[in-house]
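A.B. asks: Take this structure, written in C-alpha cells, and hold onto it; I'll ask about it next.
Here's what the structure looks like:
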C-alpha cells in the first residue's frame, strides 16, 4: 500500500485546507489515502466526501488536532 498523502492544515486559514483537499481528492486513486491534520472539524468537507463516494474516519488527537483519513469508497 502506498504512503498516504498528507495535508497539514493546522496553520492554514480557511478555505485553503479545503481547496488543497479537493485538489488532492481529484487525483486520489483507489487504494490511496489522504490524511489531513486540522485544528477544527471540517464539517463542509464531510458532506462533500459523502456525496462524491469517499469514505473517511475522523480521529481526535490528545493535542486537539483532528486527523481525517480519506479513501475512495
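Residue numbers (this note's numbering): 133 to 205.
Glycine included, each C-beta is placed from N, C-alpha and C at the ideal position.
(1) Please determine, among 196, 187, 151, 171, the residue with the shortest C-alpha to C-alpha distance to residue 204.
(2) Around the C-beta of residue 154, are 16 or more other C-beta atoms found within 10 angstroms, so that it is buried, or is it exposed?
(3) Which word fits residue 147, buried or exposed, when buried means at least 16 other C-beta atoms lie within 10 angstroms of its C-beta?
(4) What's the call for residue 134, buried or exposed, on a 16-neighbour Cβ count within 10 Å?
(5) Excluding the five sequence neighbours on either side, which residues of its own chain have a C-beta within less than 8 Å of the C-beta of residue 152, listed in chain order?
C.D. replies: A quick look at the data gives this:
(1) 187
(2) exposed
(3) exposed
(4) exposed
(5) 139, 141, 144
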